[in-house]
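Undergrad: As given, the protein sequences belong to chains Y and R, one line each in that order.
Heads up: the first sequence runs through residues 26 to 221, numbered per the numbering used here.
Heads up: the second sequence runs through residues 26 to 221, numbered per the numbering used here.
Heads up, the beta-carbon is just placed ideally off N, CA and C, and yes, glycines get one too.
What you are looking at is a predicted structure, and each value in this text was computed from that prediction instead of being measured.
2 protein chains.
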Amino acid sequence: MGKGAETRDRIVDSALRLASRDGFEGLTLGTLSTELGLSKSGLFAHFGSKDELQLQVLQAAVNRFTETVVRPALAMPRGEPRIRAFFENWLGWANDPCMPGGCILVTAAVEFDDRPGPQRDVLAAAHKDRVAFMTKAARLAVEAGHFRPDLDLGQFAFDMDCIALGYHHSQRLLRDPKAGERARFAFERLLAAARA
Amino acid sequence: MGKGAETRDRIVDSALRLASRDGFEGLTLGTLSTELGLSKSGLFAHFGSKDELQLQVLQAAVNRFTETVVRPALAMPRGEPRIRAFFENWLGWANDPCMPGGCILVTAAVEFDDRPGPQRDVLAAAHKDRVAFMTKAARLAVEAGHFRPDLDLGQFAFDMDCIALGYHHSQRLLRDPKAGERARFAFERLLAAARA
DNA sequence: GACGAAATAGCACGATCGTTCGTATACTGC
DNA sequence: GCAGTATACGAACGATCGTGCTATTTCGTC
Numbered sequence: 026m027g028k029g030a031e032t033r034d035r036i037v038d039s040a041l042r043l044a045s046r047d048g049f050e051g052l053t054l055g056t057l058s059t060e061l062g063l064s065k066s067g068l069f070a071h072f073g074s075k076d077e078l079q080l081q082v083l084q085a086a087v088n089r090f091t092e093t094v095v096r097p098a099l100a101m102p103r104g105e106p107r108i109r110a111f112f113e114n115w116l117g118w119a120n121d122p123c124m125p126g127g128c129i130l131v132t133a134a135v136e137f138d139d140r141p142g143p144q145r146d147v148l149a150a151a152h153k154d155r156v157a158f159m160t161k162a163a164r165l166a167v168e169a170g171h172f173r174p175d176l177d178l179g180q181f182a183f184d185m186d187c188i189a190l191g192y193h194h195s196q197r198l199l200r201d202p203k204a205g206e207r208a209r210f211a212f213e214r215l216l217a218a219a220r221a
Numbered sequence: 026m027g028k029g030a031e032t033r034d035r036i037v038d039s040a041l042r043l044a045s046r047d048g049f050e051g052l053t054l055g056t057l058s059t060e061l062g063l064s065k066s067g068l069f070a071h072f073g074s075k076d077e078l079q080l081q082v083l084q085a086a087v088n089r090f091t092e093t094v095v096r097p098a099l100a101m102p103r104g105e106p107r108i109r110a111f112f113e114n115w116l117g118w119a120n121d122p123c124m125p126g127g128c129i130l131v132t133a134a135v136e137f138d139d140r141p142g143p144q145r146d147v148l149a150a151a152h153k154d155r156v157a158f159m160t161k162a163a164r165l166a167v168e169a170g171h172f173r174p175d176l177d178l179g180q181f182a183f184d185m186d187c188i189a190l191g192y193h194h195s196q197r198l199l200r201d202p203k204a205g206e207r208a209r210f211a212f213e214r215l216l217a218a219a220r221a
């Protein structure tokens, strides 16, 4: 990896942290360059525009989600174990120390959901991928005999999404110490209802 | 109502609309004053600081939620009917034309959840109020014999919150036409599980 | 109709925003 | 050792940010 790519990685890394706290609009080149000990123009040269920086940060976040949440789940056996692992990783992801302001995908989704553009597209695609992953995981669980054959797969994915989102909200805004317990309880009930 | 209060109301009204689209940080005095045909300083004089403007907008949003979602539900008979009404109003609220960017409380929650201050406090209080309302509504449903006596009231409130949040997310980011259907299905299942 | 108060406008401020440009330094292959 | 490219810097741009002052207009009251 050349020096340029290395610096760019450092920038994106820092930007992820800042954006999770202050949002993507609150993330400014000035703050970011100061934090990194770079000049504003030197930093800017790596991206050419703030839009492009936002996009790269977004893409990095999506990749990191895949790496942290999806991939380890894929290492688990198909069916319920994989779904459980995915869910647990997801809860952990919301408290990942590299994103002190909470899941950056949630932040970005709220910020960009009304602004058509590449940022929105990346986010929507990532969300669809996530739903598709859950849907497929549920199908595999059906095939493995863990879940009922007549389970509504899309609904199952939607329900999981709801729980994760609710956990995140409750955790970040209310700092509710029971958030994890509540989310896991809801998840267990969801699993129980899905089982054969 | 004096002219000052009237203008202030117009400002807050416009600000609600803008903030739901662009967030509270994206909401600027310049844009707002232009939109309203006011001078920036004239607008500013009504609040004294941007913080104060944000606070009043936030408070207005909370009041409007109470008026639009909570109050009509209170007019319904205790128990399941009231809970159903609350939920339906809530889904409707997320598409309220006076907030074209989606529920402003969600926007604000994501934006302020890491920034200690009065804004965060107002939001957290509003969330707690909402949870408290749902908890109480569930207790009344138990007393009315609609719900099981051993129902975990807090969990029920958490579950409702999750569904509403998931609906909002799915609706705004993915424009998923099935979002309403999914949310209502999840809600019906929640009700079924809560019934005696 | 005059007067005091309330409401709004005008203008300027320092700071910061994203962006541009010319330049200096470091690394690469010849 | 030199040419050429990659990388970073510094200074400056116009725009806009929130905010402070001072006029000016509008309004309710006598």
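Taking C-beta to C-beta, are leucine 116 of chain R and alanine 211 of chain R nearer than 9 Å?
TA: No, these two residues do not count as a Cβ contact at 9 Å.
Undergrad: Quick one: which chain R residues come within Cβ less than 7 Å of isoleucine 222 of chain Y?
TA: There is no way to answer for residue 222 of chain Y, as the model of chain Y reaches only from 26 to 221.
Undergrad: Looking only at C-alpha atoms, which of Y/Glu77, Y/Val82 and Y/Arg145 sits nearest to arginine 197 of chain R?
TA: The shortest C-alpha separation from arginine 197 of chain R is found at Y/Arg145.
Undergrad: Identify whether phenylalanine 72 of chain Y lies in helix, strand or coil by the three-state DSSP scheme.
TA: Correct three-state label for phenylalanine 72 of chain Y: coil.
Undergrad: Kindly list the residues whose CB is nearer than 7 Å to the CB of arginine 96 of chain R, restricted to its own chain and excluding five residues on each side of it in sequence; keep chain order.
TA: Result list for arginine 96 of chain R: empty, nothing under 7 Å.
Undergrad: Find the residues of chain R that neighbour threonine 160 of chain Y, judging by a C-beta separation of less than 8 Å, and give them in chain order.
TA: Going along chain R, no residue has its Cβ under 8 Å from threonine 160 of chain Y, so there is no contact; the nearest lies around 12 Å.
Undergrad: From proline 141 of chain Y to threonine 53 of chain Y, what distance separates their C-alpha atoms?
TA: Rounded to whole angstroms, proline 141 of chain Y to threonine 53 of chain Y spans 21 Å at the Cα level.
Undergrad: I'd like to know if serine 195 of chain R contacts chain Y, where contact means its C-beta is closer than 9 Å to some C-beta of that chain.
TA: Yes, because at least one Cβ of chain Y sits closer than 9 Å to the Cβ of serine 195 of chain R.
Undergrad: On a Cα-Cα basis, can you pick out the residue from R/Val167, R/Arg173 and R/Ala182 that is closest to lysine 153 of chain R?
TA: The residue with the shortest Cα to Cα distance from lysine 153 of chain R is R/Ala182.
Undergrad: List the whole-angstrom C-beta distance separating glycine 170 of chain R from alanine 110 of chain R, where the pair is believed to meet the contact cut-off of C-beta under 8 Å.
TA: Contact doesn't hold; Cβ gap of about 19 Å is too wide.
Undergrad: Name the chain Y residues whose beta carbon is nearer than 7 Å to that of glycine 55 of chain R?
TA: Residues of chain Y passing the Cβ test: none, with the nearest at roughly 15 Å.
Undergrad: Buried or exposed for cysteine 123 of chain Y, going by 16 or more other Cβ atoms inside 10 Å?
TA: Result: exposed.
Undergrad: Which chain R residues sit within Cβ distance under 8 Å of glycine 170 of chain Y?
TA: None at all; the shortest Cβ gap to chain R is about 23 Å.
Undergrad: Comparing alpha-carbon positions, which option in Y/Thr59, Y/Leu178, Y/Thr160 and Y/His193 lies nearest serine 39 of chain Y?
TA: Per the Cα distances, Y/Thr59.
Undergrad: Is it buried or exposed for arginine 173 of chain Y, if we count other Cβ within 10 angstroms and need 16 for buried?
TA: It counts as exposed.
Undergrad: Return the CA-CA distance between leucine 165 of chain R and leucine 216 of chain R, expressed in angstroms with no decimal places.
TA: In a straight line, the C-alpha of leucine 165 of chain R is about 14 Å away from that of leucine 216 of chain R.
Undergrad: Span of the alpha helix (DSSP H) holding proline 143 of chain Y?
TA: That run of the alpha helix (DSSP H) goes 143 to 168.
Undergrad: Need the endpoints of the alpha helix (DSSP H) that lysine 28 of chain R sits in, please.
TA: 28 to 51 is the extent of the alpha helix (DSSP H) around lysine 28 of chain R.
Undergrad: With the cut-off set at 9 Å, would you say alanine 86 of chain R and leucine 130 of chain R are in Cβ contact?
TA: Yes. Within cutoff.
Undergrad: Along chain Y, in chain order, which residues have C-beta atoms closer than 9 Å to that of arginine 46 of chain R?
TA: Near arginine 46 of chain R (Cβ distances below 9 Å), the residues of chain Y are Asp139 and Arg140.
Undergrad: Return the chain-ordered list of same chain residues with a C-beta closer than 6 Å to the C-beta of aspartate 201 of chain R, the five sequence neighbours on each side being excluded.
TA: So the list reads Ser195, once near-sequence residues are dropped.
Undergrad: List, from N- to C-terminal side, the beta strand (DSSP E) runs of 3 residues or more that fit wholly inside the segment 163 to 219 of chain Y.
TA: Entirely contained in the segment 163 to 219 of chain Y, not one beta strand (DSSP E) run reaches 3 residues.
Undergrad: Taking its Cβ as the centre, do 16 or more other Cβ atoms sit within 10 Å of leucine 99 of chain R, making it buried, or is it exposed?
TA: Per the 10 Å Cβ criterion, exposed.
Undergrad: Could you please give the first and the last residue of the uninterrupted alpha helix (DSSP H) stretch that includes glycine 55 of chain Y?
TA: Taken as a continuous stretch (DSSP letters only), the alpha helix (DSSP H) holding glycine 55 of chain Y covers 54 to 61.
Undergrad: Roughly how many whole angstroms lie between the Cα atoms of glutamate 213 of chain Y and phenylalanine 158 of chain R?
TA: Each residue's alpha carbon lies about 25 Å from the other.
Undergrad: Could you round the C-beta distance between threonine 248 of chain R and valine 135 of chain Y to whole angstroms and report it? I think they count as a contact, below 8 Å.
TA: Absent from the model: residue 248 of chain R. The displayed extent of chain R is 26 to 221, so no value can be given.
Undergrad: Does any C-beta atom of chain Y lie closer than 9 Å to the C-beta of threonine 132 of chain R?
TA: Yes, threonine 132 of chain R counts as interfacial toward chain Y.
Undergrad: Under 8 Å Cβ-Cβ, which residues of chain Y neighbour glutamine 180 of chain R?
TA: Residues of chain Y passing the Cβ test: Arg207, Phe210 and Ala211.
Undergrad: Would you mind working out which of R/Arg209, R/Cys128, R/Asp186 and R/Gly104 sits nearest leucine 199 of chain Y, comparing C-alpha positions?
TA: Ranking R/Arg209, R/Cys128, R/Asp186 and R/Gly104 by Cα distance to leucine 199 of chain Y puts R/Asp186 first.
Undergrad: Sort Y/Ala219, Y/Val94 and Y/Tyr192 by Cα distance to arginine 207 of chain Y and report the nearest one.
TA: The candidate whose alpha carbon is nearest that of arginine 207 of chain Y is Y/Tyr192.
Undergrad: Put serine 66 of chain Y into one of helix, strand or coil per three-state DSSP.
TA: Serine 66 of chain Y: helix per DSSP, three-state reduction.
Undergrad: Check the C-beta distance from valine 37 of chain Y over to leucine 80 of chain Y and give it rounded, since I have them as a contact under 8 Å.
TA: Their Cβ separation, rounded to whole angstroms, is 11 Å, which puts valine 37 of chain Y and leucine 80 of chain Y out of contact at 8 Å.
Undergrad: Short of 6 Å in beta carbon distance, which residues of its chain neighbour asparagine 120 of chain R, apart from the five on each side in sequence? Order them along the chain.
TA: Answer for asparagine 120 of chain R: no residue qualifies.
Undergrad: Quick one: which chain Y residues come within Cβ less than 9 Å of leucine 198 of chain R?
TA: By Cβ distance, chain Y contributes Ala134, Val135, Phe137, Asp138, Arg145, Leu148, Ala149 and His152.
Undergrad: Below 8 Å on the Cβ atoms is my contact criterion, and I expect isoleucine 108 of chain Y with alanine 30 of chain Y to pass it. Report the Cβ-Cβ distance as a whole number of Å.
TA: The pair is not a contact, with the Cβ atoms about 36 Å apart (cut-off 8 Å).
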